[in-house]
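For the sequence shown, this note's numbering begins at 16 and goes up steadily by one.
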Amino acid sequence: MLNTETGLATLHFIEKSAKMTFRVENMSFKQGQEMTFTGKTKSGASNFTINIGHDSDNYALHFNPRFSHGHIVCNSLSGGSWGDELKEGHFPFQDGEQFKLVLNFTNEQFYIKLPDGHMMDFPNRLGDCKYKHIMVDGDVKVISFKIK
Numbered sequence: 016m017l018n019t020e021t022g023l024a025t026l027h028f029i030e031k032s033a034k035m036t037f038r039v040e041n042m043s044f045k046q047g048q049e050m051t052f053t054g055k056t057k058s059g060a061s062n063f064t065i066n067i068g069h070d071s072d073n074y075a076l077h078f079n080p081r082f083s084h085g086h087i088v089c090n091s092l093s094g095g096s097w098g099d100e101l102k103e104g105h106f107p108f109q110d111g112e113q114f115k116l117v118l119n120f121t122n123e124q125f126y127i128k129l130p131d132g133h134m135m136d137f138p139n140r141l142g143d144c145k146y147k148h149i150m151v152d153g154d155v156k157v158i159s160f161k162i163k
């Protein structure tokens, strides 16, 4: 849904039951840029996801904090097939609390600064230098989203 005259990204908010999905299409998140995401977890949260990629079948980064397990799962999706999960045991998210994530990437790696400053990384398995799709879903409210 790209507006070809303006080149603007398209934002979607999809409400399903008590959850809201935030999706941006036709954006431009390039190697060397920084994405800052501020959100607030819902009270009683079980998990949320942030997916960055080309479309809903190709995610270079699937970032999934799981409150019930106390860890973060990262993965990639290529052509609709999931890769091998990587689990991060460091878990700085709090139930019902606001947080900020800072993400950037190269064609080889994603770098994620967690809310407490802890750094984690995940391989850029798709290997691209630009992504145009982000989707946020689950027990989280999007407060702000910025790419610079």
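Ideal placement from N, C-alpha and C gives every residue a C-beta, glycine not left out.
Under the three-state DSSP convention, the category K57 falls into = coil
Status (buried if at least 16 other CB within 10 Å, exposed otherwise) for T56 = buried
Is the Cβ-Cβ distance between H77 and N62 less than 7 Å?
-> Result no, Cβ atoms of H77 and N62 do not sit closer than 7 Å.
Cβ shell of K102 (< 6 Å), same chain only, five flanking positions each side left out | H86 and V88
Per-residue DSSP class, three states only, for C89 = strand
Between V151, Q48 and S71, which lies nearest to W97 when the distance is taken from Cα to Cα?
-> Residue S71 is the option with its Cα nearest to W97.
Cα-Cα separation between I162 and N41, rounded to whole angstroms | 13 Å
For M150, count neighbouring Cβ atoms within 10 angstroms of its own Cβ and tell me buried if that reaches 16, exposed if not.
-> buried
Which whole-angstrom value is the C-beta distance of L92 and N73, which I expect to be below 8 Å?
-> Their Cβ separation, rounded to whole angstroms, is 6 Å, which keeps L92 and N73 in contact under 8 Å.
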